[in-house]
Structures are given as structure tokens and as C-alpha cells.
Amino acid sequence: MAHSQQEVLAGLAELVNDETGITADAVQMDKSFTDDLDIDSISMMTIVVNAEDKFGVKIPDEEVKNLITVADAVNFITENQD
Amino acid sequence: MKQLKESAPVAHSRIYALGAARGSNIVTNDEIAGPIDSSDEWIRQRTGVITRVRAPENQSLMDLAVEASKEAIEASGIDPAEIGAVILATISFPYQTPSGASLLSELVGAHSAAAYDISAACAGYCYGIAQADAMVRSGLAKYVLVVGAEKLSDFLSPTDRTISFLLGDGAGAAIVGPSDHPGIAQTVWGADGANWDKVGMTDSILDFRDGKAQWPTLVQEGQPVFRWAVWEMSKVAKQALEAAGIEASDLSALVTHQANMRIIDEFVKQLALPESVVVARDIAETGNTSAASIPLAMHRLLKENQVQPGGYALQIGFGAGLAFAAQVVELP
């Protein structure tokens with residue numbers, strides 16, 4: 287079943303929290319993973335792989351570097367769900 | 051027509067003993083943090099590395115390999131003249147030819163042994179153990195000396211933020227020989243050539259010769275390699291357990307290639323290892339020594355009595371190629 291943008295944001299915020307301890311409500315659409323949330327490349331990849339499982343989506347390696355903001359990730363996942 | 055005579059097989063093989071040698075300089079994070087605009091805290095948090103060992107100019111790859119090999123030979127109690135093959139896994143021996151193994155065999159008294167190097171990067175030692183197991187069981191060699199040896203400090207860039215700051219120098223050696231029970235389980239191995247360029251050198255030595263490039267140094271694409279090393283390699287680890295006919299709970303130890311502590315941590319999570327399994331974390335003090343990292347890490351576990359001889363260890367190497375190999379072995 288496809289998830290809404292709001293559901294993807296909430297689910298992604300949970301994954302960010304699991305990996306980094308950052309509170310879920312800090313994960314807002316306009317935040318940059320690196321600059322605002324201080325998430326490093328290894329944590330980012332862990333979040334990506336867990337998001338693939340959670341949302342049934344494939345996020346290729348070459349796409350990961352384009353996921354600058356939370357909105358980039360939410361939009362990619364929403365548009366590429368099974 | 052006469053029938054051809056084959057070598058006489060033996061039933062089983064095992065690792066008799068290990069040897070280890072580490073670069074004699076202990077290099078702290080503070081010493082290398084400047085050129086990569088980093089700090090001790092940043093490096094510890096992101097990689098788990100506290101120090102790495104590096105060989106000074108007067109300590110060569112061959113010096114490390116000989117030291118480790120002699121310890122393994124002595125501890126195994128065999129006559130080096132009975133070693134039938136010497137396999138050196140390395141990516142940093144500074145001659146294209148002849149092989150480092152050929153010189154090593156001479157220096158350790160394995161005078162007439164077959165000798166060759168293998169280039170499988172961080173998977174090299176496990177490739178070597180797979181070959182040694184096959185040689186011993188087929189009767190091709192009575193004893194095989196397998197060595198992973200690296201002087202990676204000759205091939206790193208102080209300003210590289212992808213891998214250089216993790217790297218160390220060292221050698222780990224194993225003697226493999228015949229056994230009355232299975233001591234090396236079936237190897238699961240392979241290579242993913244589609245990702246040939248994900249870990250490797252900045253340039254070829256021909257580009258360097260022609261003035262088109264600086265001295266080639268090691269480099270990697272961290273994110274894809276991390277994904278592969280954890281989520282693909284944990285599948286390979288599970289296959290190796292299945293191939294050995296045992297469960298994770300039967301293991302005494304997990305000895306992965308010591309690439310990055312966070313790979314090891316995530317790996318343990320993916321395998322859902324019981325707490326009884328000791329996890330090798332030699333990277334914290336030794337750094338990433340490529341082909342040497344697995345025997346060095348296993349040697350430390352045994353020396354520190356964290357594990358006992360006779361227990362089972364799952365060892366898995368993975369790296370440039372992207373080459374990988376995993377097998378369960380009985381701890382020597």
C-alpha cells in the first residue's frame with residue numbers, strides 16, 4: 287500500500303531517531319541531513335537501507351547523494367514506492 | 051595405456067597456528083587529523099579507530115611477513131622444509147614481479163615450496179585459506195603457509211578523507227596442514243566486478259609514469275562500500291555458516307575484515323549474534339591492514355585468551371574487487 291507524504295515523513299523521522307537519537311520532530315522537510323541534522327555518510331546509508339525495507343522502495347547508490355534534504359528523501363520515496 | 055597417477059588426498063585440513071607482526075609506530079588520531087581537517091573525536095565516532103600501527107621506513111612489508119611467518123611456523127611445530135606452498139596475499143608489495151611469496155619462502159626456510167602472491171585485497175587472506183585447504187586435502191601440499199601482509203602506508207595520501215586515515219601496516223600468518231577432523235569448512239567466495247572501481251587506486255602506475263597523475267594512493271566510495279560490506283556481506287556470512295553446517299550460536303568468534311568499527315557493529319546487528327560470540331575489534335588499535343587484518347585480529351583474540359583453541363570462528367574478508375570470501379575455521 288502506498289504511503290502518503292506525511293506517513294513517509296513520520297516513518298523516516300523514526301528511522302533517523304533509531305539511528306542517531308535525533309528527536310523525530312526535529313526531522314522537518316526543509317532540513318538538510320548533513321548541515322542541519324549532522325548525519326554522517328554511514329548513518330545516512332543505514333537510514334537509506336532501513337527506509338528501503340520500511341517503504342518497499344529501492345534507493346540506488348547513485349541516488350543517495352542527491353538526497354540532500356529531508357524533502358528530497360520523502361519525495362523520492364513517495365514517488366518510487368511499489 | 052597407463053593410468054595417470056594423482057596426488058594422494060587427505061581427509062581434512064586445519065589451521066595449526068598463527069603469527070602476527072605489526073608496524074612498530076603507533077600513530078594516534080591527533081597525528082593524522084590535521085591534513086584531513088578532522089579531530090580525534092570525529093575519527094573515533096565515525097570509525098572506531100583510536101590508533102593505527104605503521105611501519106617506519108626501515109621496516110618493510112617483507113620484514114613484517116617474515117616475523118609473522120616465523121612465529122606461525124614455530125608455534126605449529128612443523129619443519130619449514132615440509133611447507134609445500136607459500137601464499138602471500140598483498141596489495142602493497144612494491145614489485146610487479148617476482149612475487150613476494152618467493153622471497154618469503156626462502157627467508158623462512160621453505161626452500162623448495164611453490165610460492166605465489168594473490169591480489170584479492172582485504173579478502174586475500176580468506177582466499178589464501180581457501181586455497182590452502184584445497185591444496186592440503188588434495189595432497190598437493192603437506193603444509194601451506196598463508197600470509198596476509200601489507201605496508202599500506204606506502205600507498206596512502208595524508209589528505210584523503212575516504213580511507214587513508216584508517217590504514218595501518220602489518221602481517222598475519224597461518225600454517226595449514228592435514229587434520230584428523232574438519233578444521234576448515236567450505237568457503238563461500240566471489241567477486242563483484244561490476245563494482246570494480248568502488249575501492250582501489252587513484253590512478254594507474256602508467257599514468258604516474260607518464261606524468262599524468264600523482265603517485266597512486268588508495269581511495270574508496272564510502273557509502274556504496276558500506277552498504278555492500280554490511281548488507282551483502284552479512285548474507286555471505288550466513289551462507290558460510292550454512293555451508294559449515296553450524297548455527298551462529300555454535301561460534302566462539304566472529305572475525306571480520308577490520309575495515310571500520312561501524313561496519314563491524316552493523317554486521318553484528320544483521321547477523322543477530324548471541325552475546326556468547328566474541329567479536330574481533332582489533333581495528334581500534336591496529337587500524338585497517340587489508341589482507342593482514344583477519345589473522346591479526348584472530349591472533350589477538352587467542353593471545354588475550356578471549357577465545358580458546360578448538361572453538362569455531364567465522365572469518366570473512368571483503369574489499370577491493372569487490373572480492374569477498376568467508377569460511378568457518380577451528381581456532382588454532
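Top line first, the protein sequences correspond to chains W and X. Sequential numbering from 287 applies to the first sequence in this note's numbering. Sequential numbering from 51 applies to the second sequence in this note's numbering. For each residue, glycine too, the CB sits at the ideal point set by N, CA and C.
Residue i at chain X interface by Cβ criterion, 7 angstroms
i	result
W:Val-335	yes
W:Ser-327	yes
W:Val-350	yes
Exposure label - residue i; buried when at least 16 CB within 10 Å
i	result
X:His-231	exposed
X:Ile-313	buried
X:Arg-96	buried
W:Gln-292	exposed
X:Arg-64	buried
X:Gly-150	buried
X:Met-51	exposed
W:Met-315	exposed
X:Leu-256	exposed
X:Lys-319	exposed
X:Glu-107	exposed
X:Tyr-145	exposed
X:Gly-371	buried
X:Arg-211	exposed
X:Gly-367	buried
X:Asn-338	buried
X:Ala-244	exposed
X:His-161	exposed
W:Ala-359	buried
X:Val-247	Checking the sequence shown, residue 247 of chain X turns out to be Asp, not Val. Burial call: exposed.
W:Ile-325	buried
X:Arg-259	exposed
X:Pro-85	exposed
X:Gln-270	buried
X:Pro-130	buried
Whole-angstrom C-beta distance between residue j and residue i, which should lie under 8 angstroms
i	j	result
X:Ala-135	X:Ala-191	4 angstroms
X:Thr-101	X:Glu-282	Not confirmed; about 29 angstroms, so no contact.
X:Leu-291	X:Ser-214	Not really, about 33 angstroms apart at Cβ, beyond 8 angstroms.
X:Val-378	X:Phe-317	Actually they do not touch by this definition, with Cβ atoms about 16 angstroms apart.
X:Gly-233	X:His-62	6 angstroms
X:Ala-429	X:Ala-118	The first residue shown for chain X is 51 and the last is 382, placing residue 429 of chain X beyond what the model contains.
X:Tyr-66	X:Gly-227	5 angstroms
X:Glu-200	X:Thr-140	6 angstroms
X:Ser-343	X:Cys-176	11 angstroms between Cβ atoms; not a contact.
X:Gly-272	X:Gly-73	Not really, about 24 angstroms apart at Cβ, beyond 8 angstroms.
X:Val-60	X:Val-158	Their Cβ separation, rounded to whole angstroms, is 23 angstroms, which puts X:Val-60 and X:Val-158 out of contact at 8 angstroms.
X:Ile-133	X:Val-194	7 angstroms
Chain-ordered chain X contacts of residue i [CB-CB under 7 angstroms]
i	result
W:Thr-332	Glu-316
Under 8 angstroms by beta carbon: chain X residues contacting residue i
i	result
W:Asp-321	The premise fails here: W:Asp-321 is roughly 16 angstroms from chain X at the closest Cβ pair, so nothing lies under 8 angstroms.
Cutoff 7 angstroms: residue i Cβ touching any chain A Cβ
i	result
W:Leu-353	The structure shown contains no chain A; its protein chains are W and X.
**Message:** Counting only Cβ-Cβ distances shorter than 7 angstroms, please list the residues of the region 263 to 295 of chain X near chain W, keeping chain order.
**Reply:** Listed by position, the residues of the region 263 to 295 of chain X near chain W (Cβ gap below 7 angstroms) are Gly-272, Gln-273, Pro-274, Phe-276, Arg-277, Trp-281.
**Interface positions of the region 79 to 101 of chain X facing chain W (Cβ-Cβ less than 7 angstroms), listed along the chain** = Cβ proximity to chain W below 7 angstroms picks out Arg-96 from the region 79 to 101 of chain X.
**Request:** With 9 angstroms as the limit, tell me which residues of the region 301 to 314 of chain X have their beta carbon closer than that to any beta carbon of chain W; keep them in chain order.
**Result:** If the cut-off is 9 angstroms between Cβ atoms, the region 301 to 314 of chain X has Asn-310, Arg-312, Ile-313 near chain W.
**Message:** Can you pull out the residues from the region 339 to 365 of chain W whose beta carbon lies closer than 7 angstroms to at least one beta carbon of chain X?
**Reply:** Listed by position, the residues of the region 339 to 365 of chain W near chain X (Cβ gap below 7 angstroms) are Asp-347, Val-350.
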